[in-house]
Amino acid sequence: MIRRAAAVVILSIGLIAAGCGDDDAGSGAELKPIDSGGPRGSIDLAQEGDQITGTIRLAGLEPGSAHAAHLHGEPDGEFSCSGERTSAHLINFPDLVADDEGVAELSVEITAPAETLRAGTYVMAHENPRTMGEVATEAVVVEPGKAMMMAMENPPIACGDVPADS
Ligand SMILES: [Cu+2]
213 MIRRAAAVVI
223 LSIGLIAAGC
233 GDDDAGSGAE
243 LKPIDSGGPR
253 GSIDLAQEGD
263 QITGTIRLAG
273 LEPGSAHAAH
283 LHGEPDGEFS
293 CSGERTSAHL
303 INFPDLVADD
313 EGVAELSVEI
323 TAPAETLRAG
333 TYVMAHENPR
343 TMGEVATEAV
353 VVEPGKAMMM
363 AMENPPIACG
373 DVPADS
């Protein structure tokens with residue numbers, strides 16, 4: 213019984229490794245500053261089944277600062293950085309935390325309902341952390357068909373549309 217469980221674990225690790233290797237369908241997009249000269253970076257995220265993986269990078273931040281980052285969108289409709297925006301979220305990512313150089317790089321590995329990440333949604337980074345005085349390290353994913361509203365005012369600093377091929 214113990215031996216069988218161990219075999220299953222090894223098999224799943226093998227599948228994960230294979231998934232990483234053959235996925236180079238570059239879904240990268242620019243995380244554009246809201247104010248000219250503001251922080252900028254990139255989103256490189258992809259969803260396969262219920263797994264969202266990739267990286268969110270933002271540079272030009274105050275060293276050590278923490279910033280909320282969300283996947284904005286609603287169950288229906290098309291939203292974008294430059295078009296109609298929404299304060300509803302599909303995912304709260306862990307906060308982006310800037311290093312000594314003012315660069316935050318968040319490695320994303322999140323389980324979410326299929327097609328949560330799709331064209332018509334966008335990633336937005338904000339001035340403040342998710343919770344004042346804290347650094348959020350957990351991702352929060354909403355249930356299928358729902359969206360969560362932002363708990364407090366938190367001005368946007370950078371935004372990037374999820375590309376159509378994600
Ligand atoms: Cu947001």
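Heads up, the sequence shown is in the working numbering, so the first residue is 213 and it goes up one at a time.
Glycine included, C-beta positions come from ideal geometry on N, C-alpha and C.
Small disclaimer: the values here were computed from a predicted structure and weren't measured.
Check: residue i C-beta below 7 Å from any heavy atom of ligand 1
i: residue 279; result: no
i: residue 364; result: no
i: residue 361; result: no
i: residue 344; result: no
Where the beta strand (DSSP E) containing residue i begins and where it ends
i: residue 210; result: Past the edges of the chain, shown from 213 to 378, lies residue 210, and the structure says nothing about it.
i: residue 253; result: 252-260
i: residue 302; result: 300-309
i: residue 368; result: 368-373
i: residue 323; result: 316-323
i: residue 240; result: 240-245
i: residue 283; result: 278-284
Chain-order list of residues whose beta-carbon lies under 7 Å from that of residue i (same chain, five-residue window excluded)
i: residue 261; result: 326
i: residue 234; result: Confidence in residue 234 is poor, its pLDDT being 35 and thus under 50, which makes the residue's placement too unreliable to answer from.
i: residue 319; result: 267
Own chain, CB closer than 6 Å to residue i, minus 5 neighbours either side, in chain order
i: residue 349; result: 306
i: residue 253; result: 243, 269, 270, 271
i: residue 256; result: 240, 266, 267
i: residue 278; result: 307, 309, 341, 347
Neighbourhood of residue i by C-beta, 8 Å cutoff - its chain only, sequence neighbours within 5 removed
i: residue 247; result: 369
i: residue 250; result: 272, 369, 370
beta-carbon residue i near ligand 3 non-hydrogen atom, thresh 7 Å
i: residue 331; result: As for ligand 3, it is missing from this structure, which binds only ligand 1.
Contact the segment 361-375 vs the segment 328-338: 3+ CB pairs below 8 Å: yes
For review: beta carbons within less than 5 Å of any heavy atom in ligand 1: 282, 336
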